[in-house]
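One structure below.
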Amino acid sequence: ARQLAGLPMKGRAVRNGRGRRGARARRFSKMNPQCFDIVVLDPPTKTKTPFGAVDIKNDYAALSKPALLATRPGGVLVASNHAHDVLAEDWIDSVVRCGKKAGRPVADARLLEVECDDDDFRSPNKPHLLKVGLFTTEVV
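Using the working numbering, read the sequence shown as starting at 815 and increasing by one per residue.
Right, here's the structure in full:
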């Protein structure tokens with residue numbers, strides 16, 4: 815690879831298979847996919863990382879799909895959503911729909927009753943901020 819993000823790389827480091835600063839590229843071993851009995855999904859409401867921004871209001875399906883696929887058939891996904899402008903019923907429906915599309919259908923989805931957290935006292939007309947759902951996948 816003579817270029818990185820469109821920038822030319824010069825020198826002996828490139829010819830020796832090293833990066834721009836002369837360090838060897840880190841190699842990660844391949845892992846076989848695994849399924850778990852319980853998977854916990856608790857994403858932040860909004861975040862910006864070097865890999866991109868995540869907004870759970872718009873991106874929750876992209877987060878729940880790998881979590882559901884990592885849950886074994888008959889296992890449970892424990893998921894939370896802290897977005898105040900997302901209704902609990904709509905959120906649960908989106909996770910169930912995502913599981914169906916991903917090939918890991920949800921047999922049972924229910925909302926857990928949680929106690930109020932500090933953010934819930936901001937405004938009495940906002941819906942409950944913290945939502946926690948249990949999603950049991952179908953046994954194949």
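Glycine included, C-beta positions come from ideal geometry on N, C-alpha and C.
Run of the alpha helix (DSSP H) containing residue i, from where it starts to where it stops
i	result
Arg911	902-916
As assigned by DSSP and simplified to three states, the class of residue i
i	result
Lys871	helix
Pro887	strand
Ser894	strand
Pro858	coil
Leu948	strand
Arg816	Note that Arg816 scores 48 on pLDDT, short of 50, meaning its location in the model is unreliable and no value can be drawn from it.
Among the options, nearest to residue i - alpha-carbon criterion
i	options	result
Pro887	Ile870, Val853, Leu926	Val853
Gly947	Leu891, Lys915, His898, Val900	Leu891
Asn872	Leu901, Gln848, Met845	Leu901
Leu926	Gly917, Ile906, Gly889	Ile906
Leu802	Val909, Cys849, Lys860	Past the edges of the chain, shown from 815 to 954, lies residue 802, and the structure says nothing about it.
7 Å CB neighbourhood of residue i in its chain, flanking five on each side removed
i	result
Pro857	Val868, Ile870, Leu877
Asp899	Lys871
Ala921	Thr950, Thr951, Glu952
N-terminal and C-terminal residue of the beta strand (DSSP E) that residue i is part of
i	result
Arg924	920-926
Close Cβ partners of residue i (< 6 Å) along its chain, the five nearest in sequence each way excluded
i	result
Leu855	Ala881, Ala893
Thr885	Val853, Leu891, Thr951
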